[in-house]
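Numbering (the UniProt record's numbering), first residue to last: 1 to 263. Where a beta carbon is used, it is the ideal one built from N, C-alpha and C, also for glycine. Predicted model, so just to flag it, every value in this text is computed and none were measured.
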């Protein structure tokens, strides 16, 4: 179900899913760069089957939300948008624990959320997150003219249907990176790197063959902020979107086992 949420820079489209039963926990999904929450329908369905009330929001400039396409100029403000959604979910389901699940750029947003508002969240999962450093930022911020190099759909998953659907999705942004977005991404990474260790139980999940967010750069960032109560899983041959990979059931099972133990 879609509903409108006022964001820091305009109106946002938010979502809620449930399976009709009384939920026992809340899952908040945080999507990645250039995409939207509609690509997480199957994940939301599985989480709802597992007893969750599931929420998410299309970020500023993404999906059905307002704003210049694929432009975010302050990620701490986006954290505030996600927090508004968390507060809505908690008001609708008082007393239930909240699990934050962030993918790629959304994993970066989720990590910053955990630094700024740890008391809101019972547990978190970061899948293919942008942490530590991101080589694409160094490459693109150092040139005068940013090349028109959209994300290669083949890097998303070994399942060719995932890449095909992504390429044909009109709500996905398929253009080049924009400089304000690159600068904001770097600022957010710097803030996270300087923000100290997380204090919320968190699991890091990453594909070993991730060409979009290379695992070694992220691993270094993760090790810098990983809380004492944390776990890590890496998946051989898996590409960037591990929740859309051929072994996605394994990944989701690992995610749920961790969050079940900590929420």
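| Query | Result |
| --- | --- |
| Put residue 112 into one of helix, strand or coil per three-state DSSP. | helix |
| Between the region 116-129 and the region 197-215, can you find at least three pairs of beta-carbon atoms closer than 8 Å? | yes |
| Using a Cβ-Cβ cutoff of less than 7 Å, which residues in the same chain neighbour residue 155 once the five nearest sequence positions on both sides are dropped? | 211, 212, 239 and 240 |
| Going by the CB atoms, is the gap between residue 58 and residue 85 shorter than 7 Å? | no |
| Select from 247, 217, 207 and 184 the residue whose C-alpha is nearest the C-alpha of residue 78. | 184 |
| Keeping to the same chain, check which residues put their C-beta closer than 6 Å to that of residue 263; ignore five residues upstream and five downstream. | 25, 97, 99, 122 and 123 |
| Rounding to the nearest angstrom, what Cα-Cα distance links residue 188 and residue 110 in this structure? | 11 Å |
| What does the Cβ neighbour count give for residue 12, buried or exposed, with the cut at 16 atoms within 10 Å? | buried |
| Give the DSSP-derived three-state secondary structure of residue 287 in the structure shown. | Outside the shown range of the chain, which is 1 to 263, sits residue 287, and nothing can be said about it. |
| Using the C-alpha atoms, what's the distance from residue 230 back to residue 166? | 32 Å |
| Once you ignore the five residues that flank residue 63 on each side, which residues in its own chain have a CB closer than 6 Å to its CB? | 36 and 171 |
| Residues in the same chain with beta-carbon distance under 8 Å from residue 66, minus the five sequence neighbours each way, listed in chain order, please. | 7, 9, 10, 11, 12 and 60 |
| For residue 186 and residue 141, which I take to be in contact (beta-carbon distance under 8 Å), what is that distance rounded to the nearest angstrom? | 7 Å |
| To which residues does DSSP link residue 231 through a beta bridge? | 203 |
| Could you spell out where the alpha helix (DSSP H) holding residue 60 opens and where it closes? | From DSSP, residue 60 is part of no alpha helix (DSSP H); its letter is neither H nor E. |
| If I'm right that residue 159 touches residue 245 with Cβ under 8 Å, what's the distance once you round it to whole angstroms? | 7 Å |
| Can you find the residues in the same chain that come closer than 6 Å, C-beta to C-beta, to residue 44, ignoring five residues on each side of it along the sequence? | 17 and 54 |
| Hey, quick one: how far does the beta strand (DSSP E) through residue 88 stretch, first residue to last? | Premise fails: residue 88 lies in the alpha helix (DSSP H), 75-92, not in any beta strand (DSSP E). |
| Straight-line CA distance for residue 114 to residue 228? | 14 Å |
| Taking only the alpha-carbon atoms, compute the straight-line gap between residue 152 and residue 94 and give it to the nearest angstrom. | 42 Å |
| Spatial neighbours of residue 19 within its chain, please: C-beta separation below 7 Å, excluding the five flanking residues on both sides. | 48 and 49 |
| Can the beta-carbon of residue 217 be found less than 7 Å from the beta-carbon of residue 133? | yes |
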